[in-house]
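Engineer:
Chains as they are written, first to last, in our numbering: chain G, 156 to 450; chain Y, 303 to 672.
#1: Along the chain, where does the beta strand (DSSP E) containing residue 329 of chain Y start, and where does it finish?
#2: Determine the burial state of residue 655 of chain Y: buried for a count of at least 16 other Cβ atoms within 10 Å of its Cβ, exposed for fewer.
#3: So with Cβ pairs under 7 angstroms, would you call residue 341 of chain Y a contact of chain G?
#4: Tell me which residues share the same chain as residue 652 of chain Y and place their Cβ nearer than 6 angstroms to its Cβ, disregarding the 5 neighbours each side in the sequence.
#5: Tell me the residue span of the alpha helix (DSSP H) that contains residue 184 of chain G.
#6: Residues of chain G with a CB under 7 angstroms from the CB of residue 391 of chain Y: which are they?
#7: What's the call for residue 389 of chain G, buried or exposed, on a 16-neighbour Cβ count within 10 Å?
#8: What residues of chain G sit near residue 452 of chain Y, judged by a beta carbon separation below 7 angstroms?
#9: Can you pull the chain G neighbours of residue 374 of chain Y, defined as C-beta to C-beta under 8 angstroms?
#10: Less than 8 angstroms between the CB atoms is what I'm expecting for residue 441 of chain Y and residue 491 of chain Y, so what's the real figure, rounded?
#11: Of the choices G:381, G:417, G:393, G:414, whose alpha-carbon is the least far from that of residue 434 of chain G?
#12: Three or more beta-carbon pairs under 8 angstroms between the region 240 to 254 of chain G and the region 385 to 405 of chain G, yes or no?
#13: Starting from residue 234 of chain G, find everything on chain Y with Cβ-Cβ shorter than 7 angstroms and list it in chain order.
#14: If you measure from the beta carbon of residue 366 of chain G to each beta carbon in chain Y, is any gap under 7 angstroms?
#15: Could you tell me the alpha carbon to alpha carbon distance between residue 444 of chain G and residue 378 of chain G, rounded to whole angstroms?
#16: Could you name the residues of chain Y that residue 345 of chain G contacts, counting a contact when the two beta carbons are closer than 8 angstroms?
#17: Work out the CA separation of residue 274 of chain G and residue 288 of chain G for me, nearest whole Å.
#18: So the beta strand (DSSP E) residue 491 of chain Y belongs to, where does it begin and stop?
#19: Can the beta-carbon of residue 259 of chain G be found less than 7 angstroms from the beta-carbon of residue 322 of chain G?
#20: For the candidate residues Y:308, Y:435, Y:404, whose alpha-carbon lies nearest to that of residue 365 of chain Y?
#21: Residue 608 of chain Y and residue 619 of chain Y look like a contact to me (Cβ under 8 angstroms); what is the Cβ gap, rounded to whole Å?
#22: Residues of chain C with CB under 7 angstroms from residue 352 of chain Y, in chain order?
#23: Kindly list the residues whose CB is nearer than 7 angstroms to the CB of residue 202 of chain G, restricted to its own chain and excluding five residues on each side of it in sequence; keep chain order.
#24: Does any residue of chain G bring its CB to less than 7 angstroms from the CB of residue 405 of chain Y?
#25: Contact criterion: CB-CB distance below 7 angstroms. Does residue 486 of chain Y meet it with respect to chain G?
#26: On the premise that residue 313 of chain Y lies in contact with residue 355 of chain Y, defined as a C-beta separation below 8 angstroms, what is that separation, rounded to the nearest angstrom?
#27: For residue 264 of chain G, which beta-bridge partners are listed by DSSP?
#28: Between Y:401, Y:642, Y:349, which lies nearest to residue 361 of chain G when the distance is taken from Cα to Cα?
#29: Closest to residue 411 of chain Y by C-alpha separation, out of Y:352, Y:399, Y:328, would be which residue?
#30: Which residue marks the beginning of the alpha helix (DSSP H) containing residue 371 of chain G, and which one marks its end?
#31: In chain G, which residues lie with their C-beta within 8 angstroms of the C-beta of residue 380 of chain Y?
#32: Do the region 481 to 488 of chain Y and the region 518 to 537 of chain Y make contact, defined as three or more Cβ pairs closer than 8 angstroms?
#33: Measuring CB atoms only, is the region 307 to 316 of chain G touching the region 225 to 242 of chain G, in the sense that at least three cross pairs come out at less than 8 angstroms?
#34: Curious, which full-length beta strand (DSSP E) runs of at least 3 residues does the region 455 to 526 of chain Y contain?
#35: Could one say the Cβ of residue 316 of chain Y lies closer than 7 angstroms to chain G's Cβ atoms, at least one of them?
#36: For the region 591 to 623 of chain Y, list the beta strand (DSSP E) runs that are entirely contained and at least 3 residues long, ordered along the chain.
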């Protein structure tokens, strides 16, 4: 400022900006913004439209479901379709099975993934990278390849067609992701915090319980819920490994071609809801899972 | 009783030797600063004392007890970490109380000591807050409060001020020094900031490549560095080193530098006898060189390459032969770049350095070497 006032004559005069230059800059700016918003809106519609369709149809009368064009808001709104779906044979039981399998998967998967993830995040042991790769490579096997031999083994062991055996299969499917996600959650907790706890009197195990676990809990919870949703939605292994004790997706898929549109919409709605509710609860932590929770 | 004794400590990471046979004794209630460039092993040495990294050889004793193989919690120490390492999920109170709770102190003791520590660091009004609601300087205070609340005899500090901005660092430095003086704990303080080291330590241990080059009082380290590296690492500007040839003139040994003869002080005459006719290095501090505006007897004429006014002093860069020399003067002394001035080198301020080993020649050190 002072140099400007004391020596104005030494500076060459800067010509004022042309108004058209200004206008073009603003147009460019607005164009870029609106195109970003436009793409975002398109993506949102692409995802939301089917969800909206399924939800409205689930609350419409069977007549309205077959009607075309379909109304944007169900009128009259009714639970008739839902009731029809719930009263169908075996649906409630299979929903219950789904819950049991998903909870079992969540518990077993998390109990294994927490120590495994911690070891991968914290310790440099021989073969660490190989193990990391090995964990991921489980995902390279298609479920079909895994499913048939596992079904055979389950039959031999006499645990075929039971929620626990299906849960074990789901654990095998979800564990790779769970371990890697949880290990990245642990890795984001600075090791210095554990060292500080040890300096001030903790054993390494106490340091984990007092410092690392509380700080990673949101991330672990998010990953556990993700596991729940994955298991809830999984259909292929469910069909292969169950017969009488079908889970919900397996039951719906099995009856799909024999049932009418109202049944399909109501079933889709039931499959959709848990995922949406869970994502609503964990949306804040989904970002944390791969980011830092250092604050 | 909390003397820290490090005996012949060695620590290797693969083929890299981080600590190379280091021995150091920190006396009770003494404040020793480990100073050195990054990668010199100072933090590794501190962590070995803390128990966060075991030494591969050697012993560590705290208060006469061999703690070499004990985990940190059994060493009765506390520590301030570089990145504070305060627990983000606990309130300030719980952070400060952490060590006391682990020691199973009584509720009353915990409350009293937490409040005392918080008061000493001026954070007593923030005990119910979470660290994320606090600034960097305040977090630093929590970390120090947590470390002093446990009232151990030994306190270890790993670059505690390096994450603060310049002004805050200056403030915290003075506050920390007076606080630690009052508490009278045995302290090892790691830093790469030579000003911090000079201003805070009772003694400074200068490290390089895993070895301690010199461990002395700050003024001594500054005035008479044991080694060319120490002289150039400590002080701003660093110590000047002039390259010359040892020479006998009129019965006295001195050095010829850029054609000018500089005599050596009397106590060094015997030592320098071996160097006559050989190259020798002279070390002198920028402020120890006398600067004259007019020619005088035994003053060396020189031309100013660059003059930098620094407010409290003027800093001149002068070329003598192949050496660039930094000379500081009172701010009123004005000679423009390109001007002439005359330099005088007081014999008792010159340090004579063996150019091969880089070690400073002094009667005591030579006696030790032999």
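Every residue gets a Cβ at the ideal spot worked out from N, C-alpha and C, and that includes glycine.
Structural biologist: Quick answer:
#1: Taken as a continuous stretch (DSSP letters only), residue 329 of chain Y belongs to no beta strand (DSSP E), as it is neither H nor E.
#2: Buried, because 16 or more other Cβ atoms sit within 10 Å of the Cβ of residue 655 of chain Y.
#3: By the rule that beta-carbons nearer than 7 angstroms mark a contact, residue 341 of chain Y does not touch chain G.
#4: Around residue 652 of chain Y: 584, 586.
#5: Run containing residue 184 of chain G: 174 to 213, per the alpha helix (DSSP H) assignment.
#6: Taking a Cβ-Cβ threshold of 7 angstroms, the residues of chain G close to residue 391 of chain Y are 369, 370, in chain order.
#7: Buried, since its Cβ has 16 or more Cβ neighbours within 10 Å.
#8: Within 7 angstroms Cβ-Cβ: 355.
#9: In chain order: 350, 353, 354.
#10: Under the criterion of beta carbons closer than 8 angstroms, residue 441 of chain Y and residue 491 of chain Y do not qualify as touching, at roughly 19 angstroms.
#11: For residue 434 of chain G, the closest C-alpha among the options G:381, G:417, G:393, G:414 is that of G:381.
#12: With the cut-off at 8 angstroms, the region 240 to 254 of chain G and the region 385 to 405 of chain G touch.
#13: Within 7 angstroms Cβ-Cβ: nothing; residue 234 of chain G doesn't reach chain Y, min ~44 angstroms.
#14: True, the Cβ-Cβ gap to chain Y drops below 7 angstroms.
#15: Note that residue 444 of chain G scores 47 on pLDDT, short of 50, meaning its location in the model is unreliable; the coordinates nonetheless yield the value given after this. Each residue's CA atom was taken as its position, placing residue 444 of chain G and residue 378 of chain G some 8 angstroms apart.
#16: The contacting residues are 385, 387.
#17: Residue 288 of chain G and residue 274 of chain G: Cα-Cα distance of roughly 14 angstroms.
#18: Bounds of the beta strand (DSSP E) holding residue 491 of chain Y are 488 to 493.
#19: Pairing residue 259 of chain G with residue 322 of chain G gives a Cβ-Cβ distance under 7 angstroms.
#20: Of the candidates Y:308, Y:435, Y:404, the one whose C-alpha sits nearest the C-alpha of residue 365 of chain Y is Y:308.
#21: Indeed, because the Cβ distance is near 4 angstroms, the residues count as touching under 8 angstroms.
#22: No chain C appears in the structure shown, which is made up of the protein chains G and Y.
#23: Spatial neighbours of residue 202 of chain G in its own chain (CB-CB distance under 7 angstroms, excluding positions within 5 residues in sequence) are not present.
#24: True, the Cβ-Cβ gap to chain G drops below 7 angstroms.
#25: Not one chain G Cβ lies under 7 angstroms of residue 486 of chain Y.
#26: Right, their Cβ atoms sit about 7 angstroms apart.
#27: For residue 264 of chain G, which the question treats as bridged, DSSP gives no partner whatsoever.
#28: When each option's Cα is compared against that of residue 361 of chain G, the closest is Y:401.
#29: Ranking Y:352, Y:399, Y:328 by Cα distance to residue 411 of chain Y puts Y:399 first.
#30: Counted as a single uninterrupted DSSP element, the alpha helix (DSSP H) harbouring residue 371 of chain G occupies residues 368 to 388.
#31: Taking a Cβ-Cβ cut-off of 8 angstroms, the neighbours of residue 380 of chain Y in chain G comprise 354, 355, given in sequence order.
#32: The region 481 to 488 of chain Y vs the region 518 to 537 of chain Y: no contact.
#33: With the cut-off at 8 angstroms, the region 307 to 316 of chain G and the region 225 to 242 of chain G do not touch.
#34: Listed in chain order, the complete beta strand (DSSP E) runs (minimum 3 residues) inside the region 455 to 526 of chain Y are 456 to 460, 488 to 493, 505 to 510, 513 to 518.
#35: With 7 angstroms as the cut-off, residue 316 of chain Y does not count as an interface residue toward chain G.
#36: Listed in chain order, the complete beta strand (DSSP E) runs (minimum 3 residues) inside the region 591 to 623 of chain Y are 592 to 594, 602 to 611, 616 to 622.
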